[in-house]
Amino acid sequence: MQAALPLLNGLTPAQFMAEYWQKKPLLIRGAMPDFRGLLDPSELAGLACEAEVPSRLIQFDPARQQEGKGWEVRQGPFDDEDFTSLPPQHWTLLVQGVNHVLPEAQALLSQFNFIPNARLDDVMVSYAPTGGGVGPHIDSYDVFLLQGAGKRRWRISQQTDLRLIADAPLRILSHFVSEQEWVLEPGDMLYLPPNVAHWGIAEDDECMTYSIGFRAPAARELAIEFLEFCRQEGMPDELYRDPDMQPVADVAEVDANMVSNVAAMMQRLSWGSAQLGPFLAKYFSEPKAYVVFSPNRKLSLEKFTQQAAKNGLVLDLQTQMLHWQGQYFINGEAVPPLSANLLNILANQRELAAPLCQGDAVKPLLPWLHEMYLSGYLHLAENDA
Ligand code: SIN
Ligand code: CO
C-alpha cells in the first residue's frame, strides 16, 4: 500500500488521484516543509541569458493593469542590461524547462513519480519582486505551484467566464472574480487542475515559485501525430486500386465504388493498443523543439565499456525514455529490445549504477549504450566508484 504523503496533504497518491487530480484544487501547507528553493534570483537570471533555456520577462504598468493595458512580454535569451534596466516592481521572469538544466530540479520531479513521465511537461521557475505576476489566467495543464523563497498571494476561481482581454500580449482573463485566496510561504504548494482561473501576486521582493506542470495533449494533436506515426511505420505503402471499376455516366462524381475502395484501404489503419501503445511511448519521449543534445567526446566502445563499468551511466537531464510493454523509446527513437531489465532500470531511475554496467547481462546492450553516449543522450556518471 502506498504511504500517506505530506506532499499531498497527508493523502496517499491513490487518494489524491481519486479526489483531486483533474478535479479540484488542493492547498497543501508544508508540502515540503524544508523547501526554500533550488536557485536564487541571480542564478535564475543567469539561466535566462542562455540561448537554449526558454524564458520570458513580463512587465506591466499597475495603473493600467485593470483595463488590461500596459502589459509587455519579451522572450529570452536576455543579457545583464535587460535586468539592470528593470523597474523595482511589477515585473516577473519566467524560466521554462529548468529540470533540463538543473539536476536538483530533476530530483524535485522524483517526488512526483506517482504520475507517469508521459504526462510531465516541465519545471518552470518564476521570480517576481513585490506586485509581480502574470495576471489572472487559466492553464490547460495540471500544475503543482510550489513556493520557494518569499511569499505569493494566490487567488483562484472556478468561474466559467473565460473571456480574455483583447489585444493583450498574453492570455489574461478580462472578468476574473476571486473565490478563494491564500498567501503561500516557502514549502507550501497549491495543486490546480486545468482550467481553474488563478492569479499569483508576489508579496515581497524575493518571491520564487516552482511550477511542476503536467501536459494534457489535445485530441486533435494526438490524431495528427498518430497519422504521421502510421505514415512512418504503421501503414503499408500501397496505391489505390480499382480493378472492379465500372463505366460511369457522371464523370464529375466521386462514386460509391471509390468510397468503398478507400474505406477498405483505411481499414488497414488501426488504432488498437498494439498501434497506440508504441505510438504514445514514441511521441511522449520526443524532445521539445528547443532541446539540443551535445554529443560527448569520442570514445571507443572498449574504452566506453571500461569507463561505464567503473563509473556507471546517467541519462542526460533532457532525455526522456518511455516504454510500452517493454518496447522502449528514447527521445523519440526506438531502442533495440535487449536486456529489458536494464532498460527498465535506466528508464525509471535515469541511471545504471556501475555494478549494473558490468557482467554478462549488460553485454548485448553496450553497443547501443555507446551510441547513446556519443549522441549525448546519456553520460558517464561522475563518481569514481
Ligand atoms: C508564476 O509563477 O508566476 C506563474 C505560474 C502560473 O500562474 O502558472
Ligand atoms: Co498559470
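As numbered in my numbering, residues 1 to 385 make up the sequence shown, in order. Even glycine gets a Cβ: it sits at the ideal position worked out from N, Cα and C. For clarity, every value in this text was computed on a predicted model and none was experimentally measured.
Option nearest residue i by Cα separation, candidates the options
i: F293; options: T305, Q275, D316; result: D316
i: P193; options: A219, I138, R241; result: I138
i: T160; options: K151, F176, I172, R152; result: F176
i: H379; options: Q325, V248, N311; result: N311
i: F329; options: M235, A118, M124; result: A118
i: G234; options: L222, S42, S270; result: S270
i: A31; options: A4, T319, P41; result: A4
i: P390; options: S110, T319, S211, R29; result: Here the chain comprises residues numbered 1 to 385, so residue 390 is not present and cannot be evaluated.
i: R215; options: L190, P169, F284, R268; result: F284
i: Q358; options: N331, W154, P337, L313; result: L313
i: L299; options: D250, L374, N99, P236; result: L374
i: F226; options: A274, P169, V335, I28; result: A274
i: D40; options: E206, K23, M124; result: E206
i: P186; options: I28, E221, Y20, M17; result: I28
i: G376; options: Q349, N331, A219; result: N331
Integer Cβ distance of residue i from residue j, believed to fall under 8 Å
i: V196; j: I156; result: 6 Å
i: S174; j: I165; result: 5 Å
i: Y141; j: L26; result: Between L26 and Y141 the Cβ distance is about 16 Å, and since that is not below 8 Å, they are no contact.
i: Q327; j: P337; result: 7 Å
Boundaries (first-last residue) of the alpha helix (DSSP H) holding residue i
i: V262; result: 256-267
i: I224; result: 219-229
i: Q306; result: 301-311
i: Y373; result: 366-375
i: E43; result: 41-48
i: G277; result: 273-285
i: E81; result: 80-84
i: L343; result: 340-349
i: L109; result: 103-109
Under 9 Å between C-beta atoms of residue i and residue j
i: K288; j: G76; result: no
i: D360; j: G213; result: no
i: M245; j: N257; result: yes
i: E333; j: A381; result: no
i: L108; j: S55; result: no
i: A354; j: L322; result: no
i: D188; j: Q147; result: yes
i: W182; j: G135; result: no
i: R74; j: D80; result: no
i: G133; j: M208; result: no
i: F78; j: A45; result: yes
i: S211; j: V143; result: yes
i: R163; j: L184; result: no
i: A52; j: V251; result: A quick correction: the sequence has Glu, not Ala, at residue 52. Not in contact: E52 and V251 (Cβ atoms no closer than 9 Å).
i: P236; j: R268; result: yes
i: L57; j: T92; result: yes
Residue i at chain C interface by Cβ criterion, 9 Å
i: H175; result: Among the chains of the structure shown, chain C does not appear; only one protein chain is present.
Residue range of the beta strand (DSSP E) that includes residue i
i: M245; result: Run containing M245: none; DSSP gives neither H nor E here.
i: L322; result: 321-324
i: E19; result: Segment 13-19 is the alpha helix (DSSP H) holding E19; no beta strand (DSSP E) there.
i: Q147; result: 142-147
i: T209; result: 207-214
i: T160; result: T160 -> no beta strand (DSSP E), and no H or E assigned at all.
i: H100; result: Taken as a continuous stretch (DSSP letters only), H100 belongs to no beta strand (DSSP E), as it is neither H nor E.
i: S176; result: This sequence places Phe at residue 176; Ser is not what is there. It is not in any beta strand (DSSP E) - F176 carries neither H nor E in the DSSP assignment.
i: G200; result: 197-202
i: E72; result: 71-75
i: L94; result: 91-95
Closer than 8 Å: residue i CB and nearest ligand 3 heavy atom
i: S178; result: Ligand 3 is not among the ligands present in this structure, which contains only ligand 1 and ligand 2.
**Prompt:** Do the segment 81-88 and the segment 111-125 touch if we need at least three Cβ pairs shorter than 8 Å?
**Reply:** Taking 8 Å as the limit for Cβ pairs, the verdict is that the segment 111-125 does not touch the segment 81-88.
**Request:** Assess, as a yes-or-no matter, whether the segment 194-210 is touched by the segment 125-137 under the definition of 3 or more beta carbon pairs within less than 8 Å.
**Result:** The segment 125-137 makes contact with the segment 194-210: 3 or more CB pairs, one atom from each, lie closer than 8 Å.
**Prompt:** Do three or more CB pairs link the segment 31-38 to the segment 49-68 at distances below 8 Å?
**Reply:** Short answer: they don't touch.
**Message:** Across the segment 259-273 and the segment 327-342, are there enough close Cβ pairs to call them in contact, namely three or more that are closer than 8 Å?
**Reply:** No, the segment 259-273 does not touch the segment 327-342.
**Prompt:** Is there contact here, the segment 274-281 with the segment 222-234, by at least three beta-carbon pairs under 8 Å?
**Reply:** Short answer: they touch.
**Message:** Below 8 Å, how does it come out for the segment 296-309 and the segment 363-370: are there three or more Cβ pairs, yes or no?
**Reply:** Short answer: they touch.
**Prompt:** For the 8 Å Cβ check, are there 3 or more pairs between the segment 2-13 and the segment 52-61?
**Reply:** Remark: fewer than three beta-carbon pairs, one from each stretch, lie closer than 8 Å, so the segment 2-13 and the segment 52-61 are not flagged as touching.
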